[in-house]
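K.L.:
For what it's worth, our numbering labels the leading residue of the sequence shown as 9, then goes sequentially.
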Amino acid sequence: MGEGDEARLVAWSRELRGVHNRLREALTVTREALAAGQPATRDLLLFCHGFCAALTAHHEGEDGRLFPAIAAQHPELHDTLRNLRQDHSMIAYLLGGLQAAVARAAPPDELDRHLEGLAAIMESHFRYEERQLLTVLETLALDADPGTVLGPL
9 MGEGDEARLV AWSRELRGVH NRLREALTVT REALAAGQPA TRDLLLFCHG
59 FCAALTAHHE GEDGRLFPAI AAQHPELHDT LRNLRQDHSM IAYLLGGLQA
109 AVARAAPPDE LDRHLEGLAA IMESHFRYEE RQLLTVLETL ALDADPGTVL
159 GPL
């Protein structure tokens, strides 16, 4: 394996951490705006739509491209990948609840409860995923665009 190949392989672990950090930051910005008393306006609706779309695309990319590549090269991670897919389903459900609350201009305390629940599950999921997969991602052979595999962030 040449030097360029090794750099490309290690990049998957950096890409995953980077996307997770950007999603964490986006959720923090949303929560801070809500805490500062900004009402559920069109701006919050647009931000929620963007955040929800980015998180959804991230999980769909993992389920569709990343996890199958990991499963092919590391069959011992079958249970881990199943758990991560279950998390993705739960997060999608929570995102649906958040989107519905924003669309109907729910009061700030209700929106915060949605965001708090989403933040807790998302953080738990990201930490588990990073603990289980970062080492694997450092050696994963997957020739694909990171934006397609991990989402557009």
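The C-beta atom is built at its ideal place from N, Cα and C for all residues, glycine as well.
Count the other CB atoms within 10 Å of the CB of leucine 130; is the residue buried (16 or more) or exposed (fewer)?
P.N.:
Note on residue identity: the sequence assigns methionine, not leucine, to residue 130. That one is buried.
K.L.:
What number of angstroms, rounded off, separates the C-alpha of proline 154 from the C-alpha of leucine 54?
P.N.:
25 Å
K.L.:
Whole angstroms is fine: what's the gap from tyrosine 136's alpha carbon to leucine 89's?
P.N.:
11 Å
K.L.:
Identify which residue in Leu35, Ala65, Gln94, Leu158 has its Cα closest to the Cα of glutamate 124.
P.N.:
Leu35
K.L.:
Determine the extent of the alpha helix (DSSP H) in which aspartate 117 is found, giving its start and end residues.
P.N.:
Counting along the chain, the unbroken alpha helix (DSSP H) around aspartate 117 starts and ends at 116-145.
K.L.:
Just verifying my parser: in three-state terms, what is the DSSP assignment at aspartate 151?
P.N.:
coil
K.L.:
Buried or exposed for glycine 159, please, with buried defined as at least 16 other CB atoms from any protein chain shown within 10 angstroms of its CB.
P.N.:
buried
K.L.:
Just reading off the alpha helix (DSSP H) that aspartate 71 is part of, what are its end residues?
P.N.:
For aspartate 71, no alpha helix (DSSP H) encloses it, and the DSSP letter there is neither H nor E.
K.L.:
Leucine 142 and isoleucine 99: beta carbons closer than 8 Å?
P.N.:
no
K.L.:
Determine contact between the region 62-77 and the region 97-111, defined as no fewer than three beta-carbon pairs at a distance below 8 Å.
P.N.:
The region 62-77, when compared against the region 97-111, does touch it at the 8 Å Cβ threshold.
K.L.:
Can you tell me whether arginine 22 is helix, strand or coil according to DSSP?
P.N.:
Arginine 22 falls in the helix class under three-state DSSP.
K.L.:
The alpha helix (DSSP H) spanning arginine 93 covers which residue range?
P.N.:
86-111
K.L.:
Considering only their Cβ atoms, is the gap separating histidine 28 from glutamate 146 smaller than 8 Å?
P.N.:
no
K.L.:
Mind checking glycine 104: buried by the 16 CB within 10 Å criterion, or exposed?
P.N.:
Glycine 104 comes out exposed.
K.L.:
Beta-carbon within less than 6 Å of arginine 39's beta-carbon, same chain only, minus the 5 sequence neighbours each way: which residues are those?
P.N.:
Leu123
K.L.:
Helix, strand or coil, according to DSSP, for proline 160 in the structure here?
P.N.:
If DSSP states are grouped into helix, strand and coil, proline 160 belongs with coil.
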